[in-house]
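Have a look at the structure below, then the notes.
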Amino acid sequence: MTAQSVKWWSLVHKWTSLVCTLFLLMLCITGLPLIFHDEIDELFKSEASARELPADTPQAPLSRLVDAAKARYPQRYLQVLGWDDDRANVVNVFLSATPEAPPGQRFLKLSFDSRTAELIGEDTQQRGLMSAIRIFHRDMFLGLPGELFLGVMGLLFVIAIVSGIMLYAPFMRRLNFGTVRRIGASRVKWLDLHNLIGGVTLIWLLAVGVTGVINTISLPLFSAWRADVMPELIAPHLGKPPLAKWADVDDVMAAARRALDGNTPASIIFPTVARFGTPRHFIVWTKGTTPITSRLFTPAMLDAETGQLVNARGLPWYLRALQVSRPLHFGDYGSLPLKIIWALFDLAAIVVLASGVYLWLGKRKSPRVTTRAQDGPPVVATSGIRP
């Protein structure tokens, strides 16, 4: 590269890094416990599990679970029925205080033994420590504006990585890869470590950065999908009175299983006026059975009055990209060994970000120091990468 292009890329790298570094440090620090959220939740969870029964005990009809939930809280509104990922033979039924269930309203969760329809626990969905960390990591308790802001910070981070790649080639022109010079100012050593660790973790940093940006726009993406799909589904029912009775939930589930053979059910969205579905349809979300496909969800929409299938189309590509990005972002699809690898990469990213801040602060506090390494080129100890 020419001297002018090196200067330009250096400015891009410096300012994009400076703007996003503190927020990326926060994301890396809060992301570390989230990598192990399953293990942490398991360690501190107080939720009851289903009691031991013979392995061939059949599952109870879903209608029994629904009736039990409505009988216990007749003034509340059914919203979601979901199979518990962490507790075998447990089905959770979520109820709201109002039909609309606006954002921020906490649901009442009733946990049932899926074989006996026995109520084994109630939860008002109060936020625990891990839930608070997850929300802070996602949007800093600012909702969608905070989520989009962190998405911009993630985009700047990706630009900083790309600009670092452009600068690393001329920097390594006369040095062997992995060289850490220990002669001269300590900032030269930290500059080399900053570059080395950044280079080694490059692919991981890009993957986590890009998937993080994709995750921040999940709500707009789902809103775009709803705006595209829902009007067509609701149009035939406009002007009709509200349904007095729904189709049997077990018939609905049987129709969904036939339509999406090979998938396993994950949840059922009931026909309500809430933001999750429509007043005239059941939405059965299903997923695959392998570690990867278990993160890929496909909906089946069924008429709430007749229980007949309306459609079972796969999600558009942008929602598939979102679904793939979520497990890749946290590395939680490959059990504990992959989580440990992700945690080590996360710690390396913290070192890269913290060393970048140190190099920039050191540059502001001290004059430019030029150091000549053995058999190496003159290097200016700055916060950026120099040829």
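For the sequence shown, counting from 1, position 178 maps to 178 in UniProt numbering; every step adds exactly one.
Every residue, glycine too, gets a C-beta built ideally from N, C-alpha and C.
Identify whether residue i lies in helix, strand or coil by the three-state DSSP scheme.
i: Gly31; result: helix
i: Asp346; result: helix
i: Ser10; result: helix
i: Thr21; result: helix
i: Val80; result: strand
i: Ser49; result: coil
i: Pro54; result: coil
i: Val310; result: strand
i: Ala266; result: strand
i: Met26; result: helix
i: Ala300; result: strand
i: Thr290; result: coil
i: Gly209; result: helix
i: Thr16; result: helix
i: Gly356; result: helix
i: Ser5; result: helix
i: Gly362; result: helix
i: Ile120; result: strand
From what residue to what residue does the alpha helix (DSSP H) around residue i run?
i: Lys189; result: 186-200
i: Gly143; result: 143-171
i: Ala254; result: 249-259
i: Val66; result: 62-72
i: Phe222; result: 218-234
i: Gln105; result: Counting along the chain, Gln105 falls outside any alpha helix (DSSP H), and DSSP gives it neither H nor E.
i: Ser325; result: 317-330
i: Ile133; result: 129-139
Among the options, which residue has its Cα nearest to the Cα of residue i?
i: Leu95; options: Asp85, Phe107, Asp86; result: Phe107
i: Pro58; options: Thr2, Arg115, Val93; result: Arg115
i: Leu155; options: Gly362, Leu336, Val12; result: Val12
i: Thr278; options: Lys287, Arg173, Ala227, Gly209; result: Ala227
i: Asp248; options: Asp261, Val352, Phe282; result: Phe282
i: Gly209; options: Leu22, Thr298, Leu27; result: Leu27
i: Asp346; options: Gly362, Gly31, Leu110, Trp246; result: Gly31
i: Leu309; options: Leu110, Leu338, Arg257, Tyr318; result: Arg257
i: Phe23; options: Arg182, Ile350, Leu361; result: Ile350
i: Asp41; options: Arg87, Leu338, Thr16; result: Arg87
i: Thr245; options: Thr272, Val229, Pro299; result: The question names Thr, but residue 245 in the sequence shown is Lys. The shortest C-alpha separation from Lys245 is found at Thr272.
i: Val229; options: Arg64, Ala300, Lys240, Lys189; result: Ala300
i: Thr211; options: Leu322, Leu129, Gly143, Gly146; result: Leu322
i: residue 392; options: Gln105, Tyr73, Ile159, Leu65; result: There is no way to answer for residue 392, as the model of the chain reaches only from 1 to 387.
i: Leu129; options: Ile159, Thr179, Lys45; result: Lys45
i: Leu144; options: Ser131, Ser223, Asp250, Thr290; result: Ser223
i: residue 388; options: Ser5, Thr16, Ala348, Leu361; result: Because the chain here runs from 1 to 387, residue 388 falls outside it and cannot be looked at.
i: Trp225; options: Thr306, Leu315, Pro265, Pro241; result: Leu315
Whole angstroms are fine: how far does the CA of residue j sit from the CA of residue i?
i: Ile214; j: Pro54; result: 44 Å
i: Glu100; j: Arg76; result: 11 Å
i: Trp204; j: Leu243; result: 51 Å
i: Ser325; j: Thr124; result: 30 Å
i: residue 426; j: Ala97; result: Outside the shown range of the chain, which is 1 to 387, sits residue 426, and nothing can be said about it.
i: Phe149; j: His137; result: 12 Å
i: Leu43; j: Ser218; result: 30 Å
i: Ala354; j: Thr286; result: 42 Å
i: Leu62; j: Ala304; result: 15 Å
i: Gly164; j: Ile135; result: 30 Å
i: Leu78; j: Ala343; result: 39 Å
i: Ala169; j: Ile341; result: 27 Å
i: Gly151; j: Ala185; result: 36 Å
i: Trp9; j: Phe157; result: 14 Å
i: Ala235; j: Glu147; result: 32 Å
i: Thr179; j: Thr2; result: 24 Å
i: Tyr73; j: Asp250; result: 21 Å
i: Leu18; j: Val357; result: 8 Å
i: Lys14; j: His237; result: 56 Å
i: Thr290; j: Ile29; result: 30 Å
i: Ser335; j: Gly362; result: 41 Å
Do residue j and residue i come within 8 Å of each other at the CB atom, strictly closer than that value?
i: Ile133; j: Pro33; result: yes
i: Leu296; j: Arg313; result: no
i: Asp113; j: Arg51; result: yes
i: Ile35; j: Phe276; result: no
i: Arg187; j: Leu359; result: yes
i: Val90; j: Ala69; result: no
i: Gly121; j: Ala48; result: yes
i: Cys20; j: Met153; result: yes
i: Leu206; j: Ile161; result: yes
i: Gly288; j: Asn263; result: yes
i: Leu81; j: Ile268; result: yes
i: Asp332; j: Asp38; result: yes
i: Asp192; j: Arg174; result: no
i: Val352; j: Ile183; result: no
i: Ala255; j: Leu302; result: yes
Following the continuous beta strand (DSSP E) through residue i, name the residue where it begins and the one where it ends.
i: Trp285; result: 281-287
i: Ile40; result: Ile40 -> not in any beta strand (DSSP E); alpha helix (DSSP H) instead, spanning 37-44.
i: Ser96; result: 90-96
i: Ser114; result: No beta strand (DSSP E) contains Ser114, which DSSP labels as neither H nor E.
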